[in-house]
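Accompanying notes for the structure given below.
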Amino acid sequence: MKHLKALILAVLCAAAAACGLIEVSAAAPAEGEARVVVVGGGLAGLVAAYELQNKGIAAHVLEAGDRWGGRVATVEYANGLRSEYGMHEIWDSNTLLAYVKKFNIPLSGPEEPYSSVVMNGKYYPYVQPSVDKFFATMFTPREIKDYRKWLKKAEELYDESEAKGLTPRLAEIQKLSFAQWVGSANLSPAVSEFIRMGVECEVATDWSSISAVYGLQQLSIFMHGSEQCRHVVGGNQKIVESFVDSLKGPKTRGALVTRIVRTKNADGGTEVVVHYKKDGVMRSLRAEKAVVAVPFHVLHAIQFEPGLTEDQWKAVDSLIPGMYTVVHFIIDAKAAEKLLVDGNIPFPVLTRGPLGVVYGFLEKPAASQTEMVFTLLVHGDYTRSYLESRDKTRQRLLAELDKIWLGFSGFVKETHFYGYHPAATPGWGPGRSPLDSLHASLRTENVGLYLAGDYIYSSHADGTVKSGQDVAGKIAKQLKSKP
């Protein structure tokens, strides 16, 4: 009788849908079931769900927080002001750029990879028409020659890693810290400091904490003529919104996943049950596969049954945490006159100190504009000071800014802090890199479970997107023959 009622209900629903009385989404699975469950609504999870959908497989996305996008985040202030407190720029080599263009999201014009710097207490703004002229303001001709020679060697090694993976030569270099490897080149203190600032802002930790191979990977934007970067007009949140709007399957926020149980079926397939807490109630979703796309430090908060393999946990637990904090100053727009150099925007400015990367502002204020956002990306050990009161930190930052731009603090009206977990980004210490066999274990299926996120391939958005695409392709290949 129960089955007869269900059959009658299904027939009535189908008839109503045919008559246009109700809307039916063929991609949306029944409540409590899905072919794939994606845990994490950041960039990796959204890309994985989007690519699965494109391959005809619906996924249910669970996000523990109250917003989508993870570290892709834009905040809006009064008077139409906005700024990023997550990912800032998109480089040419980033596979995310293809999605931005596909979604017709407007982009700013291209920008050079090199930035202004503060070295040994002196400010060197990059406003020259070429990088060679910029280098001439802070290096001797011999130092420029030595830097170019070192960069050519770095390009050779990077190309080798891309083409052949971890070769014997790279394996030897991987044993060294990036600081040791640069030190072996006998560069001048000024050139070494310049290289150090360029890599530390990318990895968000000290250059002596990372392996030489990992450091090389972070310098790819300066190689072979250098890459250019772009910014999303109106904020990176537009990327997140485009992904979310494109997903037809169910999406649930405020869903804290606590346990994932997987079993193998007699036919060789897998069954996954994802347990999560929503509105104080424990619920579960049953699926064939699961993608866990959370930051690497969150993996320990989930009970995996069966657990991750020994190699997988070793790969995760040996990652080096990179730390970031974003600070937004709302300043008087009149400050722009003081900050521009010969009418040009000198930002970003790299520093090796409490200020980190001074992103400043990207566009000159309009004539009618009275306020603007001025951004800092503080990284590494300097973020540890954020355990103290925000007022003390604010005073320290303003004092540092006044050293570069005398009187800057007088233009500041408001200050806003956006802190991240101490493991905001993954890094690989000496003896490790994303190329080694230990890390390859993270890219393999574990009884219906796949891992995704920046730490799978790199520490930035390009690795995040690549991991989402990778797991979607592997899952689609496994499920395509099933109804």
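Mapped onto my numbering, the consecutive letters of the sequence shown carry residue numbers 1 to 483.
Where is the CB? At the ideal position from N, CA and C, for every residue including glycine.
Since the structure is predicted, the reported quantities are computational estimates derived from the model, not experimental observations.
At a cut of 8 Å, does the stretch 40-48 reach the stretch 299-315 through at least three beta carbon pairs? Contact between the stretch 40-48 and the stretch 299-315 is absent, because fewer than three Cβ pairs lie under 8 Å.
Three-state secondary structure (DSSP) at F119? Note that residue 119 is Met in the sequence shown here, rather than Phe. Three-state result, M119: strand.
Could you tell me how far apart the beta carbons of V72 and V291 are, in whole angstroms, since I believe they sit closer than 8 Å? About 18 Å; that fails the 8 Å criterion.
Given that a residue counts as buried once 16 or more other Cβ atoms are within 10 Å of its Cβ, and exposed if not, what is N94? N94 is classed as buried because its beta carbon has at least 16 other beta carbons within 10 Å across all chains shown.
C-beta atoms of K175 and G429 nearer than 8 Å: No, the pair does not count as a contact, with Cβ atoms beyond the cut-off.
Residue from K149, L151, W150 and V118 whose Cα sits closest to the Cα of T137: It is V118 whose Cα lies nearest to the Cα of T137.
List in chain order: all unbroken alpha helix (DSSP H) runs of 4+ residues lying wholly within the stretch 396-483. As summarised for the stretch 396-483, the continuous alpha helix (DSSP H) elements at least 4 residues long and confined to that stretch are 437-440 and 461-479, given in chain order.
Cα-Cα, which of D132, D342 and S161 is closest to Y147? The shortest Cα separation from Y147 among D132, D342 and S161 belongs to D132.
Just mark S284 as buried or exposed, buried being the case when its beta carbon has 16 or more other beta carbons within 10 Å. The residue in question, S284, is exposed, as its Cβ has fewer than 16 Cβ neighbours within 10 Å.
By DSSP, does P348 sit in helix, in strand, or in coil? The DSSP-derived three-state label of P348 is coil.
Express the C-alpha separation of P168 and P426 in angstroms, rounding to a whole number. Rounded to whole angstroms, P426 to P168 spans 24 Å at the Cα level.
Taking the runs of the beta strand (DSSP E) that are 3 residues or longer, which of them lie wholly in the stretch 305-347? 319-322 and 324-332, all fully within the stretch 305-347.
Proximity of I456 and L442 at Cβ, strictly below 8 Å: The answer is yes: Cβ separation under 8 Å.
Return the CA-CA distance between L107 and F361, expressed in angstroms with no decimal places. It is roughly 16 Å from the alpha-carbon of L107 to the alpha-carbon of F361.
At the 8 Å Cβ level, is F134 part of the contact set with chain B, yes or no? Protein chain content of the structure displayed is limited to a single chain, and chain B is not contained in it.
Does G448 pass the burial test, meaning 16 or more other C-beta atoms within 10 Å, or should it be called exposed? When all chains shown are included, G448 counts as buried.
Helix, strand or coil for T252? Go by DSSP, reduced to three states. Strand at T252.
Looking at the strands, I want to know which residues DSSP matches up with Q369. Per DSSP, none; premise fails for Q369.
If you run the structure through DSSP and keep just helix, strand and coil, what is S25? Because the pLDDT at S25 is just 35, under 50, the model does not fix this residue reliably, and the point stays unresolved.
Determine the burial state of E33: buried for a count of at least 16 other Cβ atoms within 10 Å of its Cβ, exposed for fewer. E33 comes out exposed.
When V38, E63 and A59 are compared against K278, the one with the closest alpha-carbon: When only C-alpha atoms are compared, the closest one is E63.
Which partner residues of R230 appear in the DSSP bridge assignment? Its beta-bridge partners are I90.
Can you name the start and end residues of the beta strand (DSSP E) that Y276 belongs to? Y276 -> beta strand (DSSP E) spans T270 to K278.
Decide if S318 is buried, meaning its Cβ has at least 16 other Cβ atoms within 10 Å, or exposed. By the neighbour-count rule (16 or more Cβ atoms within 10 Å), S318 is not buried but exposed.
Measure the CB-CB distance between Q369 and A333 and report whether it falls below 8 Å. The answer is yes: Cβ separation under 8 Å.
Compare the C-alpha of L398 against each of I221, V100 and V327 and name the closest. Nearest option by C-alpha distance: V327.
Given that a residue counts as buried once 16 or more other Cβ atoms are within 10 Å of its Cβ, and exposed if not, what is A266? Exposed is the call here.
Nearest CA to the CA of L239: which residue from S459, H439, G86 and Y450? In the sequence under discussion, the amino acid at residue 239 is Ile, which differs from the Leu named in the question. With distances taken between Cα atoms, I239 lies closest to G86.
DSSP has K289 in a bridge; who is on the other side? DSSP, once it has assigned bridges, lists V36 as partnering K289.
Take S115 and list the residues in its own chain whose beta-carbon comes closer than 7 Å to its own, dropping the five residues that flank it on each side. Its chain contains Y126, P348, V349 and L350 as the residues whose beta carbon lies nearer than 7 Å to that of S115, once the 5 sequence neighbours on both sides are disregarded; these appear in chain order.
How would you call K145, buried or exposed, if buried means at least 16 neighbouring beta carbons within 10 angstroms? So K145 counts as exposed.
Delimiting residues of the beta strand (DSSP E) encompassing Y359: Start and end: V357 to G360.
Between the alpha carbons of V294 and R142, how many angstroms are there, rounded? For V294 and R142, the distance between alpha carbons rounds to 47 Å.
Local conformation of L83 per DSSP, three classes: The question names Leu, but residue 83 is Ser in the sequence shown. Note: S83 maps to strand in three-state DSSP.
Tell me the DSSP bridge mates of S284? Per DSSP, the beta-bridge partners of S284 are H275.
Secondary structure at E363, three-state DSSP: helix, strand or coil? Reduced to three states, the DSSP call for E363 is coil.
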